[in-house]
Amino acid sequence: MKKRIIFHVDVNSAYLSWEAVERIKNGVKGTDLRTIPSIIGGDMEKRRGVVLAKSTPAKKYNIITGEPIQQALQKCPDLVIVKPNHDMYCKYSKKLLALLREYTQHVEPFSIDEAFMDVTGKIPCGKTPREFALEIKKRIKRDLKFTVNIGVSTNKLLAKMASDFKKPDKVHTLFPEEIETKMWILPVEELFMVGKSTAKTLRNLGLKTIGDVAHLDVEILKSHLGNKMGEHIHNNAWGINDDPVEVERPMNKGYGNSVTLSEDIRDIEDGYRVLLSLSETVAGRLRENDIKCYCITVETKDHKFIRQTRQTTLLNATNTTNVIFETACKLLEELWDGTPIRLLGIRATKLTEDDYEQLSLFDTPKDKKLEKLDSMLDSLRSKFGDNVIYRASLVKEEEN
DNA sequence: TGTTGAATCCCAC
DNA sequence: CTAACGGTGGGATTCAACA
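Numbered according to this note's numbering, the first sequence spans residues 18 to 417.
See the structure below:
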């Protein structure tokens, strides 16, 4: 098997960088967000939400991604907080991908701000992989006005680990012969796929560095982390990874929508209202993609952050708002013991392409009517925007 | 015995 | 005054029911 060269491209503080670039592009007056302590973060009014991205000056206050905004404000009272703008991020993500594809079509979007490239055989004559990465990094900065880190190695795992080294605006290599000096010295927390829970387990085993993990018998890892995770972590620690760079994205396994409520729900009627709104979103997305689902899951989180789920499998697949809504309501009733609810969510899984009339064979006439209603509403929304039509029960909520 | 579904847990971003 | 933790999606594990 041929040796590959893989790049992992990671936008530095993506949301914040993109917000800053967009403001400059729109001629917004004021200092560049990247030069002051600033973050992109959730809902300020509700005093909820977490830090999604931080500027380099904000980083100096020990503000970390994922922490509550309140906590970040305590660390830096002058922190500038900007609301996220997902649509804008999508535009920049697409621009980045288009630029990367000028170098190779072998690009795999990994998240909105990360991508893998298999550049095997695409490296210009006389250039090292590192120099090629530097060239791409420079192009991105020149044309798109934001910086990236690029990790360079022979597989996705090592490239990803490398892009996480010193930031911003850097290219790092992590070739197999560099694992010992560049990766094994890092704390276990830094290893890909080692989250909070796994880190605790590893620490309890006395393992401090990735090198420690590599040198522990894989069977011991398996017995403490489970077979799959034990093996996976062991392979990661040795830099072993054969995953190909996948250009075609496989079909979604599920579609979900959830909300943390501004006030805890105490009354089931309020729960129903939220479920209706979530059902609209989920079912709408299923229909957009000509997909139906067999399985509906309702998720709750109470004020103590205790999560619960209830799921059911339907006899025939659906993407009808009302079927999903009514199923979700039943699940919520089964699940709920009256504890105030902080978060409600719906997830649709066991998906199937919506192309067989066969699947509708067992639909009741009522279901047919509901399907027609949904597609009417869909077409009205696509003509006049998502907000033209409200369900009666949602309107009631608006009036309250 | 092995499989399936439900509930829970963990992961990344 | 004991604060304060989003939303989406993929996968593994555990256990009970069932064949």
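Where a beta carbon is used, it is the ideal one built from N, C-alpha and C, also for glycine.
Quantities reported herein were computed from a predicted structural model and do not represent experimental measurements.
Following the DSSP letters along the chain, one finds residue 240 in no beta strand (DSSP E) but inside the alpha helix (DSSP H) bounded by residues 235 to 242. DSSP places residue 338 within a helical segment (H, G or I) once states are collapsed to three. Here DSSP, grouped into helix, strand and coil, assigns residue 210 to coil. In this structure residue 327 is not in contact with residue 318, their Cβ atoms being roughly 13 Å apart against a cut-off of 8 Å. The DSSP-derived three-state label of residue 142 is coil. Cα atoms of residue 23 and residue 215: separation of roughly 27 Å, rounded to the nearest angstrom. In the structure shown, residue 166 adopts extended strand secondary structure according to DSSP, grouped into three states.
For residue 115, the closest of 76, 132 and 251 by C-alpha to C-alpha distance is 132.
Closest in C-alpha terms to residue 19, from the list 104, 266, 137 and 106, comes 137.
Residue 167 places its beta carbon less than 8 Å from that of residue 154.
Here residue 258 really is in contact with residue 173; their C-beta atoms are around 6 Å apart, less than 8 Å.
Our two residues, residue 239 and residue 249, have alpha carbons roughly 9 Å apart in a direct line. The region 278 to 295 and the region 357 to 370 touch, with three or more beta-carbon pairs separated by less than 8 Å. Remark: C-beta atoms of residue 68 and residue 81 approach each other more closely than 8 Å. In this structure, DSSP gives residue 29 a state outside helix and strand, which the three-state scheme calls coil. Within the same chain, and ignoring the five residues on either side of residue 222 in sequence, the residues whose Cβ sits closer than 8 Å to its Cβ are 233, 237 and 241. Its chain contains 326 and 362 as the residues whose beta carbon lies nearer than 6 Å to that of residue 316, once the 5 sequence neighbours on both sides are disregarded; these appear in chain order.
Listed in chain order, the beta strand (DSSP E) elements of length 3 or more contained wholly in the region 55 to 118 are 55 to 58, 68 to 71 and 97 to 99.
Per the C-alpha coordinates, the member of 108, 266 and 56 positioned closest to residue 89 is 56. Counting other Cβ atoms within 10 Å of its Cβ, residue 330 stays below 16 and is therefore classed as exposed.
Annotated as proximal: residue 74 and residue 54, with beta-carbon spacing under 8 Å.
Short of 7 Å from the beta carbon of residue 320, and not among the five residues preceding or following it, lie these beta carbons of its own chain, in chain order: 281, 357 and 359. Bridge pairing for residue 126: 132 [DSSP].
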